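Heads up, the thing below is written out as structure tokens.
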Amino acid sequence: TGHELKERGVGASACEDMECFFLPGALANLTHPQTVTALHLEYLRAGADVITTNNFVVVPSALSTIGRQEDLVPLTRAAVRNAKRAVAENGGVGRIAGSLPPLFESYRHRQVPLNAAGDLQAVYTIIATVLVEEGVDLLLVETVSTVREVEAAARAAEAALRGTDKGLWVSATIEDDERGLLRSGEPLEAAVRALVALPCPHLRAVLINCSSPSAVACAIRRLKGLDLPPDLRVGGYANAFTTPTSEWLRAVDTEPPPGPAGGAPAACGPGVPAARPSPESLRDSAPSGPAAAPPANPQPHSRPNHEPDADDPRPPPACPDPLANPNNAPGSDTVLGPEAYAAHCVEWVQAGATVVGGCCGVGPRHIRTVASRLKLKT
Numbered sequence: 002t003g004h005e006l007k008e009r010g011v012g013a014s015a016c017e018d019m020e021c022f023f024l025p026g027a028l029a030n031l032t033h034p035q036t037v038t039a040l041h042l043e044y045l046r047a048g049a050d051v052i053t054t055n056n057f058v059v060v061p062s063a064l065s066t067i068g069r070q071e072d073l074v075p076l077t078r079a080a081v082r083n084a085k086r087a088v089a090e091n092g093g094v095g096r097i098a099g100s101l102p103p104l105f106e107s108y109r110h111r112q113v114p115l116n117a118a119g120d121l122q123a124v125y126t127i128i129a130t131v132l133v134e135e136g137v138d139l140l141l142v143e144t145v146s147t148v149r150e151v152e153a154a155a156r157a158a159e160a161a162l163r164g165t166d167k168g169l170w171v172s173a174t175i176e177d178d179e180r181g182l183l184r185s186g187e188p189l190e191a192a193v194r195a196l197v198a199l200p201c202p203h204l205r206a207v208l209i210n211c212s213s214p215s216a217v218a219c220a221i222r223r224l225k226g227l228d229l230p231p232d233l234r235v236g237g238y239a240n241a242f243t244t245p246t247s248e249w250l251r252a253v254d255t256e257p258p259p260g261p262a263g264g265a266p267a268a269c270g271p272g273v274p275a276a277r278p279s280p281e282s283l284r285d286s287a288p289s290g291p292a293a294a295p296p297a298n299p300q301p302h303s304r305p306n307h308e309p310d311a312d313d314p315r316p317p318p319a320c321p322d323p324l325a326n327p328n329n330a331p332g333s334d335t336v337l338g339p340e341a342y343a344a345h346c347v348e349w350v351q352a353g354a355t356v357v358g359g360c361c362g363v364g365p366r367h368i369r370t371v372a373s374r375l376k377l378k379t
């Protein structure tokens with residue numbers, strides 16, 4: 002949603018900072034509510050079953066840069082109401098995921114305090130409570146890059162969901178290779194184990210987002226190799242940029258990339274088509290963009306007899322070969338076209354995903370193609 006609002010001229014800015022770049026789109030919940038609602042409606046009419054509230058950078062660290070900390074609650078409420086209007090205009094068809102985004106700049110795991118779990122949870126509690134009060138259908142923790150964010154956000158979400166039958170989806174962003182590492186370098190499996198240990202009675206799905214399509218495919222295979230509850234969904238919604246986020250970050254950062262050995266990340270196939278954060282994180286992650294429809298007949302669960310781990314000497318599941326990009330948007334050579342992106346989504350479903358959608362760079366045209374391809378496959 003964030004990228005799409007930019008395309009529509011909402012708060013166009015030359016600002017390079019990720020939070021600053023997307024703040025105008027977040028403020029649009031109050032300044033341009035009709036535009037936000039219309040965009041949500043486009044995604045719904047394109048075939049999305051779930052849309053995500055446009056509050057990705059509605060967090061204290063971002064709002065404080067413009068002296069608008071007091072607008073955390075009003076902007077969050079407005080984000081839900083704009084999404085609800087879109088569902089109403091769509092005949093009541095569609096569900097709303099309330100976003101619990103990273104509280105600091107996306108991907109920048111070193112900004113997340115090491116010994117402040119209570120502080121993180123307190124902020125997440127405010128956001129989660131407002132989202133549930135306003136009537137979202139589920140809570141979506143998204144684009145988190147550390148285990149401590151997963152734990153704090155999940156605890157807050159569970160508290161807000163207590164006494165309801167609403168679900169919780171948790172989605173992490175990972176390095177753009179086959180190792181299955183969060184941006185912090187922690188194994189994806191560690192985040193899943195943390196969720197299971199809390200426990201999380203409302204947990205309905207574990208996802209990967211704001212990462213390259215090929216990395217999402219690798220992560221789905223890892224998740225399917227874990228001993229997860231049979232009713233727990235797995236899936237992902239990737240970025241559509243042809244430059245992987247990890248590559249973009251290496252170009253702007255001086256710190257070494259995360260990893261058990263501190264070495265260069267292995268490629269998930271030659272020329273990974275992926276995700277370039279041209280500041281934004283997501284699928285209504287203004288991150289996040291709206292999630293597309295889960296397949297009607299998900300693939301049966303496949304459970305290898307070992308649990309993949311970052312230190313496992315056995316090779317990880319093979320990554321799919323990157324797909325060609327024959328139909329980029331007119332005038333653009335940096336974004337996967339709808340057909341190419343949809344082909345990745347079909348591959349995720351074949352790997353066992355039951356929730357798929359789109360993050361940065363994924364617009365209504367992509368979602369329409371994804372929904373169409375999935376219907377043909379089910």
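Just add 1 to wherever you are in the sequence shown, counting from 1, and you've got the working numbering.
Cβ atoms here follow ideal geometry from the backbone N, Cα and C, with glycine treated the same way.
The structure presented is a predicted model; accordingly, all values stated were derived computationally and were not measured.
- If the five residues before and after Glu90 are omitted, its C-beta is found closer than 7 Å to the C-beta atoms of Leu42, all from its own chain and listed in chain order.
- A distance below 6 Å between beta-carbons, with the five flanking residues on each side excluded, links Ala343 to the following residues of its chain, in chain order: Thr370, Val371, Arg374.
- For the 8 Å CB-CB criterion, Ala153 and Leu169 do not form a contact.
- Of the residues assessed, Asn116 falls on the exposed side of the cut-off, its CB having fewer than 16 other CB atoms within 10 angstroms.
- In this structure Val356 is in contact with Gly236, their Cβ atoms being roughly 3 Å apart against a cut-off of 8 Å.
- For Leu139, the three-state secondary structure derived from DSSP is strand.
- Rounded to whole angstroms, the gap between the alpha carbons of Thr38 and Glu190 is 37 Å.
- Counting every other CB atom within 10 Å of its CB across the protein chains shown gives Pro202 a total below 16, marking it as exposed.
- When DSSP reads this structure, Leu64 sits in no beta bridge, so it has no partner.
- The stretch 226–243 makes contact with the stretch 358–365, as at least three CB pairs between them are under 8 Å.
- A direct Cα-to-Cα measurement between Ala84 and Gly181 gives close to 33 Å.
- Checking the DSSP bridge columns, you'll see Ser172 partnered with Leu208.
- Within the DSSP secondary-structure output, Thr54 pairs in no beta bridge.
- For Pro200, the number of other beta carbons within 10 angstroms of its own is below 16, and it is reported as exposed.
- Sixteen is the threshold: when 16 or more other Cβ atoms of the shown chains lie within 10 Å of the Cβ of Arg234, as they do, the residue is buried.
- According to the DSSP assignment, Ala89 belongs to the alpha helix (DSSP H) that extends over 73–90.
- Looking only at Val151, Trp349, Val347, the smallest Cα-Cα distance to Val197 is reached by Val151.
- Annotated three-state conformation of Pro188 is strand, per DSSP.
- Annotation for Val148: the continuous alpha helix (DSSP H) segment containing it runs 148–162.
- Counted as a single uninterrupted DSSP element, the stretch harbouring Leu233 is not any alpha helix (DSSP H), since DSSP gives it neither H nor E.
- Thr54 and Gly226 have their C-alpha atoms some 31 Å from each other.
- Nearest Cα to Ser172 within the set Leu140, Ala80, Arg111: Leu140.
- Counting only residues of its own chain and dropping the five nearest sequence neighbours on each side, Val88 has a CB closer than 6 Å to the CB of Gly95.
- Between Asp166 and Ser212, the C-beta gap is not smaller than 8 Å, which leaves the two residues out of contact.
- Taking the Cα of Val193 as reference, the smallest distance to any Cα among Leu121, Leu229, Leu31, Thr174 is reached at Leu229.
- Closest in C-alpha terms to Val148, from the list Thr130, Ile175, Val133, comes Ile175.
- For Leu101, the enclosing beta strand (DSSP E) starts and ends at 96–101.
- Just so you know, the alpha carbons of Glu134 and Ala157 end up roughly 14 Å apart.
- Taking the CA atoms as reference points, Cys346 sits about 24 Å from Asp138.
- Inter-residue distance for Ala352 and Ala216 is about 13 Å (C-alpha atoms, whole angstroms).
- Pairing Val81 with Gly136 gives a Cβ-Cβ distance under 8 Å.
- Nearest in C-alpha terms to Pro339, of all of Asp120, Val363, Gly99, is Val363.
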